[in-house]
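**Student:**
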Amino acid sequence: MKRLTIPTLIALTAFLSNCTTVQRESPSTAPEFDIPADFRSIAAQEAPGSGLQPGWLEIFNDTKLNALVKEVLVRNFDLRIAAAKIEAAAALAKQAGADLSPAVILALQGTNQGNMDSALSEDISSVGVSLDIAWELDVWGRIRSGQRAAIEELVAAKMDYAYARLSLVAQTTKAYFLAIETLRQQQLAENNVANYVKTLEIVKAFFDEGMVSVQDVYLVRSEKAVAEDALGNAQSAHLQALRSLETLLGRYPSAAVDIAGDLPGLPAPVPAGIPSEVLERRPDIIAAERRVAAAFDETREAKAARLPSIDLTGSLGSVSDGLSDLTNPANIAWNVVSSLMFPFFDAGRLEGRVEAAEAFQKQALADYQKTALAAFGEIETALSNETIFRRRAESLKIAYKHARLAEEISIEKYKMGEGELLDVLQLQRSTISTQSAYLRMEYDLLVQRVNLYLGLGGGF
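Right, here's the structure in full:
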C-alpha cells in the first residue's frame, strides 16, 4: 500500500468519481396485480363510510375483555420478543451510522526496560499518551447506504411490533369469545342431560303403569348416556379454551379466567373503505415495503464495496520520562497518513456479496407482493364470510324455533299415548343440534368481524 498526500487523494477521488458511480435505484413496490376500486364482497357495500375508524375493541363494550387485552400487552412473551427486536435494530442502525464519523482512540502507555546485569545499565522508564484518529471517506456512499438500510430495518421492526400488537389483541379477543362460546355449549349440554333425566322419569312412570314397553326405557337411557358423553366433551373444550387464553396472557394455565356469561352482539357493519388504503395502513405491509427499500440499499452498499476506499489516519502524542514532561512541546509529535486501497483480488468475495444482495432484493420484492395479496385475501374472505354467516344464523334461528315447537308437540302426544318415543328423541336431538349450531354461528360471526378489523389494519 503506497502512501499518498491528501491533495493527491482529493484529485484522484474526483477523477474516479467521474469514471465510476453507484447508481441509486429507487425500488418499486407497486402491486403486480389489479386492485379494484372497491372490495368485491357484499358486506363491504352494506356499510357506507370513508374507512375503518380506530378503537374497534371498545365496540364490544366488554370491560372484562378490555382488562385482559391490557394484561396481554404487558405479559405476552411474543410481544416482548418483538420489542427486543426493535432494540436490536436500533442498535444496529446506530452502529451503521457510526462509520460516517472518525474513530478517536485515547491511548496511555508506560514502559520500563533494563538489563539483567544492573551494573551494566540503568533501568529506563517512560510514559506516553496519544490521540489516534481513523476515518474512511465515504466517497461512493457505501457507508451511507448501509446506514439507510439499517434505518429501514429499524422502521420495519417497529411495524412488525405494531402488527404483532394488533394480531395479539385480535387473537386474545377471539380466544376470549371462544371461552364464552364453549361455556355456553357446556351449559347447553348440561340442560340436555337434565332434559333426558326428565324424559327418563316420564318413560319409567309409563312403564310402571304398563303403558310402554321396557324398550322405551332402554332408548332413553341410551340417549341420556350419549348426552352425558357430549357434556364431557363440552367441559373439556371449555377448559382447553380457558387455558389457551391464559397461555396468551402469560399466566399459568389453571383454567381460572374471569369471563362474561354470554357473547356480545355483532356490531354494525364496518365501513371498509377502498382497497388501496390497506397498503398504507397495515403495519405488516409497511414492514415488507421498508425491507424492500433496505434490500436496495444493501445492494448499493455491496456494489460500492468493490470500489477503491480512502482512509485517513492521524496521531497526536507525547512520550517522556515522567508525567510532568508530557505537555512539553519538545516531546509532542503528530502524523497524518492517507491511504488509497484498491480491491485487487478477493477470489470473488465482493462479487458474490453483490449477487447475494441482488437475490435478497428479489426476495424482498416477492415477499411484499405476497404480503399485500394475502392481506386482500383476508379482508375479502372476512367480508364474504360475514354476509354468508349472517344468513346461516337466521336460518339456524328459524330451524331451532320450529324444532323446539315440534319437540314440545311430540312430547305432549307421547304423554297422551298418541306418539312414538322415537319421534320424541329424534326431535330432541334436532333441537339440541340446531341450538348448538346457532351458538357456534354467533361465535363464528364475531371471529369474522375481528378478522376483518385485523385485515383492515384498524387500531384497537
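For the sequence shown, the numbering used here gives the first residue as 9, with consecutive numbering after it. Idealized CB from N, CA, C, for every residue including glycine.
Quick check on the burial criterion: 16 or more other C-beta atoms within 10 angstroms. Buried or exposed for A187?
**Tutor:** As a first step, residue 187 is located in the sequence shown; it is residue number 179 there, counting from the start. Buried, because 16 or more other Cβ atoms sit within 10 Å of the Cβ of A187.
**Student:** Taking only runs of the alpha helix (DSSP H) that begin and end inside the segment 180-236, which ones reach a length of at least 4 residues, in chain order?
**Tutor:** Whole alpha helix (DSSP H) segments, 4+ residues: zero.
**Student:** Quick one, are the C-beta atoms of A295 and Y171 less than 8 Å apart?
**Tutor:** Position 287 of the sequence shown, counted from the first residue, corresponds to residue 295. Position 163 of the sequence shown, counted from the first residue, corresponds to residue 171. Yes, the Cβ-Cβ distance between A295 and Y171 is below 8 Å.
**Student:** Here's the rule I'm using: 16 or more other beta-carbon atoms within 10 Å means buried, otherwise exposed. How should S369 be labelled?
**Tutor:** Here the question's residue 369 lines up with position 361 in the sequence shown. It is worth fixing the name first, because residue 369 is Gln in this sequence and not Ser. By the neighbour-count rule (16 or more Cβ atoms within 10 Å), Q369 is buried.
**Student:** With distances taken from CA atoms, which of L100, K166, S153 and T439 is nearest R88?
**Tutor:** Position 80 of the sequence shown holds residue 88. Of the candidates L100, K166, S153 and T439, the one whose C-alpha sits nearest the C-alpha of R88 is K166.
**Student:** Would you report the Cα separation of L464 and I387, rounded to the nearest angstrom?
**Tutor:** Within the sequence shown, residue 464 is the residue found at index 456, counting from 1. Within the sequence shown, residue 387 is the residue found at index 379, counting from 1. Those two C-alpha atoms are separated by around 7 Å.
**Student:** For L253 versus R457, is the C-beta spacing smaller than 8 Å?
**Tutor:** Mapped onto the sequence shown, residue 253 falls at position 245. Mapped onto the sequence shown, residue 457 falls at position 449. Cβ distance not < 8 Å, so L253 and R457 don't count as in contact.
**Student:** Within the continuous alpha helix (DSSP H) that includes N84, where are the two ends?
**Tutor:** Within the sequence shown, numbered from 1, the residue matching residue 84 stands at position 76. No alpha helix (DSSP H) holds N84; DSSP gives it neither H nor E.
**Student:** May I ask you to report which of helix, strand or coil DSSP gives D319?
**Tutor:** As a position in the sequence shown, residue 319 is number 311, starting the count at 1. It is a strand residue.
**Student:** Given a cut-off of 8 Å, decide if E189 and L271 are closer than it, judged by their beta-carbon atoms.
**Tutor:** On the sequence shown, position 263 is the one that residue 271 refers to. On the sequence shown, position 181 is the one that residue 189 refers to. In contact: L271 and E189 (Cβ atoms closer than 8 Å).
**Student:** Mind reading off the beta-carbon distance from A401 to L453? Whole number of angstroms is fine, and I expect it under 8 Å.
**Tutor:** By 1-based counting over the sequence shown, the position of residue 401 is 393. By 1-based counting over the sequence shown, the position of residue 453 is 445. About 6 Å separates the two Cβ atoms, so the contact holds.
**Student:** So, under 8 Å CB-CB, V137 and L108 are touching, yes? Tell me the CB distance rounded to an integer number of Å.
**Tutor:** Taking the sequence shown and counting its residues from 1, the one referred to as residue 137 is at position 129. Taking the sequence shown and counting its residues from 1, the one referred to as residue 108 is at position 100. Wrong, their Cβ atoms sit about 27 Å apart, outside the cutoff.
**Student:** Can you name the residues that DSSP bridges to W143?
**Tutor:** Position 135 of the sequence shown holds residue 143. Paired residue(s): L320.
**Student:** Where does V163 land, buried or exposed, given buried means 16+ other C-beta within 10 angstroms?
**Tutor:** Within the sequence shown, numbered from 1, the residue matching residue 163 stands at position 155. Counting Cβ neighbours within 10 Å, V163 comes out buried, since at least 16 surround it.
**Student:** Counting C-beta neighbours from all protein chains within 10 Å, is the total for F350 16 or more, i.e. buried, or is it exposed?
**Tutor:** Taking the sequence shown and counting its residues from 1, one reaches residue 350 at position 342. Under this definition F350 is an exposed residue.
**Student:** On the DSSP bridge assignment, give the partners of W342 in chain order.
**Tutor:** To locate residue 342, count along the sequence shown from 1; it is residue 334. In the DSSP output, where bridge partners are listed per residue, W342 has L324.
**Student:** Applying the 10 Å Cβ sphere with the 16-neighbour rule, what's the burial state of F468?
**Tutor:** Counting from one through the sequence shown, the residue named residue 468 turns up at place 460. So F468 counts as buried.
**Student:** Quick one: is K10 buried, meaning 16 or more other Cβ sit within 10 Å of its Cβ, or exposed?
**Tutor:** In the sequence shown, counting from the first residue as 1, residue 10 sits at position 2. Note that K10 has pLDDT 46, beneath the 50 cutoff, so the model's placement of it is unreliable and no number is given.
**Student:** For F68 and N74, I'd like the C-alpha separation in whole angstroms.
**Tutor:** Residue numbering aside, residue 68 sits at position 60 when the sequence shown is read from its first letter. Residue numbering aside, residue 74 sits at position 66 when the sequence shown is read from its first letter. Approximately 9 Å, taken between the alpha carbons.
**Student:** Find out if the Cβ-Cβ distance for the pair E297, Y376 is shorter than 8 Å.
**Tutor:** Counted from its first residue, the sequence shown places residue 297 at position 289. Counted from its first residue, the sequence shown places residue 376 at position 368. Yes; because the gap between Cβ atoms is below 8 Å, this pair is in contact.
**Student:** Less than 8 Å between the beta carbons of V201 and K182, yes or no?
**Tutor:** Looking up residue 201 in the sequence shown gives position 193. Looking up residue 182 in the sequence shown gives position 174. Not in contact: V201 and K182 (Cβ atoms no closer than 8 Å).
**Student:** Which first and last residues belong to the alpha helix (DSSP H) in which M424 is found?
**Tutor:** Mapped onto the sequence shown, residue 424 falls at position 416. Run containing M424: none; DSSP gives neither H nor E here.
**Student:** Kindly identify the DSSP beta-bridge partner or partners of A111.
**Tutor:** Against the sequence shown, residue 111 aligns to sequence position 103. Partner(s): A142.
**Student:** Between which two residues does the alpha helix (DSSP H) carrying L274 extend?
**Tutor:** Taking the sequence shown and counting its residues from 1, one reaches residue 274 at position 266. From DSSP, L274 is part of no alpha helix (DSSP H); its letter is neither H nor E.
**Student:** Contact between the segment 427-438 and the segment 382-397: three or more CB pairs below 8 Å?
**Tutor:** Short answer: they don't touch.
**Student:** Out of K421, D354, V300 and V177, point me to the one whose CA is closest to L373's CA.
**Tutor:** Counting from 1 along the sequence shown, the entry for residue 373 is found at position 365. Residue V300 is the option with its Cα nearest to L373.
**Student:** Classify W342 as buried or exposed, calling it buried when 16 or more other Cβ atoms lie within 10 Å of its own Cβ.
**Tutor:** Start at 1 with the first residue of the sequence shown, and residue 342 comes out as number 334. When all chains shown are included, W342 counts as exposed.
**Student:** Please report the straight-line C-alpha distance between A380 and W148, rounded to a whole angstrom.
**Tutor:** The residue you call residue 380 lines up with position 372 of the sequence shown. The residue you call residue 148 lines up with position 140 of the sequence shown. In a straight line, the C-alpha of A380 is about 34 Å away from that of W148.
**Student:** Along the chain, where does the alpha helix (DSSP H) that runs through D292 open and close?
**Tutor:** Position 284 of the sequence shown holds residue 292. Per DSSP, D292 belongs to the alpha helix (DSSP H) from P291 to A312.
**Student:** Does the CB of E217 have a neighbour CB from chain B at under 8 Å?
**Tutor:** In the displayed structure, chain B is absent; only one protein chain is listed.
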